[in-house]
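Asks: Position 292 of the sequence shown, counting from 1, maps to 294 under the working numbering, and the rest follow consecutively.
So that we are looking at the same thing, I have put the structure below in structure tokens.
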Amino acid sequence: MRALVYTRPGVVESLDVAEPAPAEGEVLVKVHAVGICGSELHGIRDAGFRRPPLIMGHEFAGTTPDGRRVVANPLISCGRCDQCLMGRDHLCRERALLGIHRPGAFAEWVSVPEKALHDLPPDMSFETAAVVEPLANGVHAVNLARPYPGARVAVLGAGTIGLVCALVARQVTDQVTVCDLSPDRLAVAGRLGASAVTTTLEGEFDIVIDAVGAAATHQISVQHLRPGGTAVWIGLLSSEAAIDGQKIVREEKHIVGSYCYTAAEFAQAVKLARDVDLGWTTSFDLADGAAIFGELVDGRSDVVKALLRP
Ligand SMILES: [Zn+2]
Ligand SMILES: [Zn+2]
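Structural data, given as structure tokens:
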């Protein structure tokens, strides 16, 4: 089958590879749409969790051999460790992600544990379903922030994760400010229902979601938080965080990290995907995947979410 393979640092290429052989309890899924994640653009530059050769791709939807239209939760947990037993399966001690720790969906076929599959509503397109995984990240980040009606929420970054966080927060409060340097991305945020968009965050917020993860946004997320407010860090750009520890103490500010989603939140995202606008993706042929990857890594393309169609 054709697959887009991460072969060495900085390089993905289209190759012919063997079809995956499903293990017991797994199902082959024919991939119809798969999103390119920001973490993959960074992940191939520095040697990190992803070790080449690897077929990446963890945001995908497709069909099973018996005709089910499905989306898959790419996070596989053990079900036995202390975290799993406490319902925090996303923090499983042995968690593995499709497309990171085992072959993913930048290919015609991907093997998936059957229990990871969710049926799609009949009217949901594969393009929409491919955004369920990022949406589930937004559901989890917003749940951690415990928003309430009227809460002032700021979202830093209007890439895919920032936009889904804004969409989810808007379900609870009508005060969602989105901050980004790109006017084009801010225009998308405005269209999706952000109450304000800005290139420079000003004022105070009850909740700040940092969907960038740079040293500067880590700082901004705490500076613009009201006493007792919550900053949720979901962006992974940098480890640096030059923040004022005493301010955290004196103003009882909360900083909480957000990683993936629980199995329940993924199921919630499948339902929510029907009610929010996820139609801001751009689709390309899988055959052009290597070129698209290159453009996104170099910043020559400004599409918010690129989907590949095998
Ligand atoms: Zn991702
Ligand atoms: Zn576990």
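Idealized CB from N, CA, C, for every residue including glycine.
From a predicted model like this one, the values you see are computed outputs, not experimental measurements.
Between the Cα of VAL134 and the Cα atoms of VAL278, PRO55 and GLY45, which residue gives the shortest distance?
Replies: Taking the sequence shown and counting its residues from 1, one reaches residue 134 at position 132. The residue with the shortest Cα to Cα distance from VAL134 is VAL278.
Asks: By a C-beta neighbour count over all protein chains shown, 10 Å radius and 16 as the cutoff for buried, is ASP182 buried or exposed?
Replies: One-based indexing of the sequence shown puts residue 182 at position 180. Buried.
Asks: Taking Cβ positions, are VAL258 and VAL234 nearer each other than 9 Å?
Replies: Position 256 of the sequence shown holds residue 258. Position 232 of the sequence shown holds residue 234. In terms of Cβ geometry, VAL258 and VAL234 form a close pair [threshold 9 Å].
Asks: So VAL306 and GLY161 are supposed to be a Cβ contact under 8 Å. How far apart are they, rounded?
Replies: As a working mapping, residue 306 is identified with position 304 in the sequence shown. As a working mapping, residue 161 is identified with position 159 in the sequence shown. Going by Cβ atoms, the distance from VAL306 to GLY161 rounds to 6 Å, so yes, they are a contact pair.
Asks: May I ask you to report which of helix, strand or coil DSSP gives CYS262?
Replies: Looking up residue 262 in the sequence shown gives position 260. Coil at CYS262, not helix or strand.
Asks: Which complete beta strand (DSSP E) runs does the stretch 216-263 hold, if anything under 3 residues is left out?
Replies: As far as the stretch 216-263 is concerned, its whole beta strand (DSSP E) runs of at least 3 residues are 227-235 and 256-259.
Asks: According to the neighbour-count rule (16 or more other Cβ atoms, all chains shown, within 10 Å of its Cβ), is ASP212 buried or exposed?
Replies: Residue mapping note: residue 212 aligns to position 210 of the sequence shown, counting from 1. The residue is buried, with at least 16 neighbouring Cβ atoms inside 10 Å.
Asks: Would you decide whether LEU87 is buried or exposed? Buried here means 16 or more other CB atoms lie within 10 Å of its CB.
Replies: Locating residue 87 in the sequence shown gives position 85, counting from the first residue. Exposed.
Asks: So GLU28 is in the beta strand (DSSP E); what residue range does that whole segment cover?
Replies: Here residue 28 refers to the residue found at position 26 of the sequence shown. Segment 28-37, the beta strand (DSSP E) holding GLU28.
Asks: Using only alpha-carbon positions, find the residue among LYS255, LEU119, THR65 and GLU61 that is nearest to ILE102.
Replies: As a working note, residue 102 is residue 100 in the sequence shown. When each option's Cα is compared against that of ILE102, the closest is GLU61.
Asks: What is the rounded straight-line gap between the Cα of ALA289 and the Cα of HIS34?
Replies: Here residue 289 corresponds to residue number 287 of the sequence shown, with the count starting at 1. Here residue 34 corresponds to residue number 32 of the sequence shown, with the count starting at 1. Roughly 13 Å separates the two Cα atoms.
Asks: For the beta strand (DSSP E) that contains GLY64, what are its first and last residues?
Replies: As a working note, residue 64 is residue 62 in the sequence shown. Boundaries of the beta strand (DSSP E) harbouring GLY64: 61-65, taken from the DSSP string.
Asks: Beta-carbon distances below 5 Å to any heavy atom of ligand 2 define the shell here; list its residues in chain order, please.
Replies: This criterion selects SER79, CYS80, CYS83, CYS86 and CYS94.
Asks: CB of GLU253 to nearest heavy atom of ligand 1: below 8 Å?
Replies: In the sequence shown, residue 253 corresponds to position 251, counting from 1. Look at GLU253: its beta carbon is at least 8 Å from all of the heavy atoms in ligand 1.
Asks: Mind checking whether VAL199 and LEU165 have CB atoms under 9 Å apart?
Replies: Position 197 of the sequence shown, counted from the start, is the residue given in the question as residue 199. Position 163 of the sequence shown, counted from the start, is the residue given in the question as residue 165. No, these two residues do not count as a Cβ contact at 9 Å.
Asks: Exposed or buried, which one is GLN177 when buried takes at least 16 other CB atoms within 10 Å?
Replies: If you number the sequence shown from 1, residue 177 lands on position 175. Buried, by the Cβ-count rule.
Asks: Between the stretch 66-81 and the stretch 17-28, are three or more C-beta pairs nearer than 8 Å?
Replies: no
Asks: So does the stretch 108-128 actually touch the stretch 150-159, counting three or more Cβ pairs closer than 8 Å?
Replies: no
Asks: Is the beta carbon of CYS167 within less than 8 Å of some heavy atom of ligand 1?
Replies: As a working mapping, residue 167 is identified with position 165 in the sequence shown. No.
Asks: I want to check one thing, is the minimum distance from the CB of GLY140 to the heavy atoms of ligand 1 below 8 Å?
Replies: For the purposes of this step, residue 140 is identified with residue 138 of the sequence shown, where counting begins at 1. Checking the Cβ of GLY140 against ligand 1 gives no.
Asks: Expressed to the nearest angstrom, what Euclidean distance is found between the alpha-carbon atoms of SER127 and GLY45?
Replies: Position 125 of the sequence shown holds residue 127. Position 43 of the sequence shown holds residue 45. Computed Cα separation, rounded: 28 Å.
Asks: Return yes when at least one heavy atom of ligand 1 lies under 8 Å from the C-beta of PRO149, else no.
Replies: Stepping through the sequence shown from its first residue, residue 149 is reached at position 147. False, no ligand heavy atom lies under 8 Å from that Cβ.
Asks: For the stretch 161-215, which segments carrying the beta strand (DSSP E) assignment without a break, of at least 3 residues, lie completely within its bounds, in sequence order?
Replies: 178-181, 198-200 and 207-212
Asks: For SER79, count the other beta carbons within 10 Å of its own beta carbon; 16 or more makes it buried, fewer makes it exposed. Which is it?
Replies: For this step, residue 79 is matched to residue 77 along the sequence shown. Burial call: buried.
Asks: Using the rule of at least 16 other Cβ atoms within 10 Å of the residue's Cβ for burial, across every protein chain shown, is ARG193 buried or exposed?
Replies: Locating residue 193 in the sequence shown gives position 191, counting from the first residue. Exposed.
Asks: DSSP has VAL7 in a bridge; who is on the other side?
Replies: Your numbering for residue 7 matches position 5 in the sequence shown. GLU15.
Asks: How many angstroms separate the CA atom of PHE207 from the CA atom of ASP300?
Replies: Locating residue 207 in the sequence shown gives position 205, counting from the first residue. Locating residue 300 in the sequence shown gives position 298, counting from the first residue. In a straight line, the C-alpha of PHE207 is about 34 Å away from that of ASP300.
Asks: What separation, rounded to the nearest whole angstrom, lies between the Cα atoms of ARG97 and ASP91?
Replies: Along the sequence shown, one-based indexing puts residue 97 at 95. Along the sequence shown, one-based indexing puts residue 91 at 89. When only Cα atoms are considered, ARG97 and ASP91 end up about 8 Å apart.
Asks: Three-state secondary structure (DSSP) at PRO136?
Replies: Position 134 of the sequence shown, counted from the first residue, corresponds to residue 136. In the structure shown, PRO136 sits in a helix (DSSP, three-state: H, G or I).
Asks: From PRO54 to ASP48, what distance separates their C-alpha atoms?
Replies: Here residue 54 refers to the residue found at position 52 of the sequence shown. Here residue 48 refers to the residue found at position 46 of the sequence shown. So the two alpha carbons sit approximately 11 Å from each other.
Asks: Check for me: the beta strand (DSSP E) holding TYR308 runs from which residue to which?
Replies: For the purposes of this step, residue 308 is identified with residue 306 of the sequence shown, where counting begins at 1. Checking the sequence shown, residue 308 turns out to be Ala, not Tyr. Taken as a continuous stretch (DSSP letters only), the beta strand (DSSP E) holding ALA308 covers 307-311.
Asks: Do PHE295 and ILE38 come within 9 Å of each other at the CB atom, strictly closer than that value?
Replies: For this step, residue 38 is matched to residue 36 along the sequence shown. For this step, residue 295 is matched to residue 293 along the sequence shown. The answer is yes: Cβ separation under 9 Å.
Asks: With a Cβ-Cβ cutoff of 9 Å, do GLN270 and ALA244 count as a contact?
Replies: Position 268 of the sequence shown holds residue 270. Position 242 of the sequence shown holds residue 244. Not a contact, by the Cβ cut-off of 9 Å.
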